[in-house]
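Under our numbering, the first residue of the sequence shown is numbered 112, with each subsequent residue one higher. In this text, a Cβ means the ideal position worked out from N, Cα and C, and glycines have one as well. If you're wondering where the values come from, they're calculated on a predicted model, not measured in any experiment. Notes follow the structure.
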Amino acid sequence: MLKTVDIAHAGQSTSEALILLEVAISSAKEEGVVAVKIIHGLGSGSVADSVRSWAREQEGRFRAVIPGEDYNTFNKDAVNMRSELFNKRDRDFNNRNSGVTIFWL
């Protein structure tokens with residue numbers, strides 16, 4: 112299962128968004144979810160930058176972290192992650208959406 116969590120459009124601060132991110136990841140791991148797609152929105156100096164920075168700090172915790180702009184058939188991690196999904200439909204796949212990041216758990 113690919114779980115989608117929107118942390119960009121609830122009007123919270125960046126630090127609150129990162130708490131939502133951590134809770135979403137922890138919950139997904141407990142639920143046995145394959146991957147989590149975090150919708151963080153676009154823009155520099157925003158939630159998007161904080162999510163990507165947080166992901167780098169968490170190196171080794173995930174099988175892969177796939178930026179939305181690299182979430183396509185040419186990305187080995189994306190293809191391998193999607194092979195574990197029962198439902199492979201995802202409108203962001205092959206659409207270069209830099210407003211999302213996928214965490215392969």
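Element boundaries [alpha helix (DSSP H), containing Leu129]: One-based indexing of the sequence shown puts residue 129 at position 18. Unbroken alpha helix (DSSP H) run through Leu129: 125-142.
Beta-carbon contacts of Lys114 that lie in its chain and below 8 Å, excluding the five residues immediately before and after: On the sequence shown, position 3 is the one that residue 114 refers to. Answer for Lys114: Ala135, Ala139, Glu142, Val144, Ala146, Val147, Lys148, listed in chain order.
Ala146 (DSSP reduced to helix, strand or coil): One-based indexing of the sequence shown puts residue 146 at position 35. In this structure, Ala146 counts as strand in the three-state DSSP scheme.
Spatial neighbours of Glu180 in its chain, beta-carbon cut-off 8 Å, leaving aside the 5 residues before and after: Mapped onto the sequence shown, residue 180 falls at position 69. Contacts found: Arg207, Asn208, Ser209.
Buried/exposed call for Phe214, threshold 16 Cβ in 10 Å: Position 103 of the sequence shown, counted from the first residue, corresponds to residue 214. Phe214 is buried by the Cβ-count criterion.
Between the CA atoms of Leu131 and Ser124 - distance to the nearest angstrom: Translated into positions along the sequence shown, residue 124 becomes position 13. Translated into positions along the sequence shown, residue 131 becomes position 20. Taking the straight line joining both Cα atoms gives about 11 Å.
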